[in-house]
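A.B. asks: For the sequence shown, counting from 1, position 391 maps to 377 in this note's numbering; every step adds exactly one. Where a beta carbon is used, it is the ideal one built from N, C-alpha and C, also for glycine. Note that the coordinates shown come from a computational prediction; the quantities given were computed from them, not determined experimentally. My questions will all concern the structure given below.
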Amino acid sequence: MRLRRRLWSREHQQPPRWGEEAGRGSRCSETINHPPDPFLHWEGATWNIPRYADQQMTSDSQVSDAALQLHRRSLVVDTHIDTITHLMERHPDFGVRLEAGHVDIPRLREGGVGAALFAIWLDDDVYDEPGSLKYVLKGIDLMRRTVDAHADTLEIAYTGDDVERIYREGRIAVLLTVEGGNAICSDLAVLRELHRAGIRSITLTWQYATPWCDSCNDEPHGGLTPLGSDIVRAMGQIGMLPDVSHISDRAFYDVLEAAEAPVFASHSSCRSLQDAKRNMTDDMIVALGQADGVININFASPFIGGPAHPPFVPMLKPERSRFRDQFERIHQPDDRPGAPMDRLLDHFDLAVKLAGAGHVGIGSDYDGVSSVPIGMDHIGRLPNLTRGLLQRGHDENTVTKMLGANNLKLFKQTLR
C-alpha cells in the first residue's frame, strides 16, 4: 500500500494439544486512535546459552489455569528464530530435547507454538552477495530435509491459509525467511527465485547496509535507494513480507512509502524503553500500526533492558576485524541474569499503546541471542508470557491477538 508520508515524521514504527511445561506479572491506560483493526548472532556465542536454576519463573503447578487454557487454545506464532544456523553448524537431532540452544521440537510443543518463522541468518563469513545466496540455498535444503524427517509434526507453509490448516491439523507450520537482503544479489530475478524456493520474508539488512538499503548501524545511502524501493514493491507483488528489523530509521519510512502491501518488524522492541538503535522509536511503532503492519517484540536482554543489560552498541565489520580478540571476549556466552520479565512485559504494553492491540506479536530471536528474560529461557516457556500479559490487565482477546492472531491475519493479507 502506498502511504502518504504526512502520517509520520522522520524525526519522530480443535487446536493442538501441547506438553505441560509452562509458566506465570500496569496495563497502559492511554491509547492512540488507529484505523479499524482487521542481539545478535555472534560467532561462538549463539549456542552456548547458560542455564540458570532461577531462570524458570514458575513450576507447572503455579501456572494459572486461565492463562494456560488461553495459551493452549490460541495460535502461537514466533516470527523470528535462528535455529537453522544451529542445525547447519551442529547437525543435531531436532526431534529430541537439545542440551544447547532455545528451540527443538519438544520445546516447540511445550511452548504451544503453532507456527514459527525460521530465519537463515547471514553472518560475516557469508555476507558477500554470491556467498550469501549459496548459504541460503543450503539452509533451505537443510530445513526441507528436517521437515521431511519430522513430517508428523512439521510442515512448510507458504501462505496464511497453509499456516491455519497446519495448525488445525495439530502440527507446526514452518515458514522460511532470510535475515539479510544481500542474499538476493541486488537482483529482482534472484528475489523471485527465492520466493519460488519457499522464502516468504526477507529482513532487508542485517548489521551492515546492503547495496540498496541502510542498516541501523551503517547508513551510506541515506535510506532506501531507488533499487531498494523496487525490491520492496516487488516483494509485495509476489507475496513476500519485507522485514524492517535492523534497517535505519530513514530506510524504515522509505519502506513504508514504497510498500504496496503491509510490512512487519520480525524482531524489534521499543527504543524509548531501551535506547538501542536496533529498537524502534515510538513514532516508528505508531507508523507501523497505521500501515497495518505488526511489530514483533524481540526477547534479547540487551534490547529489553534492566540493571545487568545496558543498551548494546555493535561494532561494524571493519572494527570487528581490527578488534577481533576484544570482540570475541565481549560476545562470549552471557553469564549475567537475563532481563527482568517485567521489562519484557513493559515492551509489549508500550507497543500495544502505540501500534494498537491488532499490531503486536512475538519475535523472540531465540537461538540467535545469548541472554533472554528471566522466565523465558527457551521457547517452551512462552506460557509465562501469556500469564504475564493477563496479569498486566490485557483482556483475553488482546492476548490472543498478540500470541499469533495478528500475524496470521498479516500472513493472509500478504503471503502467496
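(1) Taking Cys256 as the reference, give the member of Met266, Asn203, Lys339 and Ala247 with the closest Cα.
(2) Which residues does DSSP list as the beta-bridge partners of Val346?
(3) Does DSSP classify Tyr239 as helix, strand or coil?
(4) What are the partner residues of Leu162, as DSSP defines its beta bridges?
(5) Just to confirm my understanding: we take Thr145, look at its own chain, exclude 5 residues before and 5 after, and list those with CB closer than 8 Å. What are they?
(6) Kindly indicate which residue of Arg322, Ala220, Gly222 and Val230 has the alpha-carbon position closest to the one of Trp192.
(7) Taking only the alpha-carbon atoms, compute the straight-line gap between Gln312 and Asp204 and give it to the nearest angstrom.
(8) Under 6 Å: does the beta carbon of Leu394 sit that close to some heavy atom of the ligand FMN?
(9) If we count the other Cβ atoms within 10 Å of its Cβ and call it buried at 16 or more, is Ala135 buried or exposed?
(10) Would you list the residues sitting across from Phe250 in a DSSP beta bridge?
(11) Using the C-alpha atoms, what's the distance from Glu382 back to Leu61?
(12) Compute the Euclidean distance between the alpha carbons of Gly291 and His333, then round it to the nearest angstrom.
(13) How long is the line joining the alpha carbons of Ser356 and Val218, rounded to whole angstroms?
(14) Nearest by alpha-carbon distance to Leu119: which of Asp173, Asp79 and His66 is it?
(15) Below 8 Å on the Cβ atoms is my guess for Thr163 versus Arg131; work out the distance and round it to an integer in Å.
(16) In the DSSP assignment, find the unbroken beta strand (DSSP E) run with Val89 in it and report its ends.
(17) Quick one: grab the DSSP three-state call for Val355.
(18) Distance, Cα to Cα, Val89 vs His364?
(19) For His57, report the span of its alpha helix (DSSP H) as first-last.
(20) Note down, one range per segment and in chain order, each alpha helix (DSSP H) of at least 4 residues found wholly within the stretch 124 to 165.
(21) Looking only at C-alpha atoms, which of Leu103, Arg178, Gly167 and Cys171 sits nearest to Glu406?
(22) Quick one: measure Cβ to Cβ for His57 and Asn282, integer angstroms, because I've assumed they're closer than 8 Å.
(23) Considering only the alpha carbon of each residue, which of Phe250, Pro326 and Asp269 lies closest to Ile348?
(24) Compute the distance between the beta-carbons of Ala101 and Val63, then report whether it is under 7 Å.
C.D. replies: With the given structure in hand:
(1) Met266
(2) Ile281
(3) helix
(4) Phe104 and Ile185
(5) Gly225, Phe397, Lys398, Leu401 and Arg402
(6) Val230
(7) With a pLDDT of 42 at Gln312, under the threshold of 50, the modelled position of that residue is not reliable, and the figure given next carries that caveat. C-alpha separation (whole angstroms): 21 Å.
(8) The ligand FMN is absent from the structure shown, which contains no ligands of any kind.
(9) exposed
(10) Asp229 and Val280
(11) 13 Å
(12) 10 Å
(13) 31 Å
(14) Asp173
(15) In fact, because the Cβ distance is near 18 Å, the residues do not count as touching under 8 Å.
(16) That residue, Val89, is in no beta strand (DSSP E); it is neither H nor E in DSSP.
(17) coil
(18) 7 Å
(19) Asp51 to Arg58
(20) 146 to 154
(21) The chain is shown only over -13 to 402; residue 406 falls outside these bounds and no answer can be derived.
(22) In fact, because the Cβ distance is near 17 Å, the residues do not count as touching under 8 Å.
(23) Phe250
(24) yes
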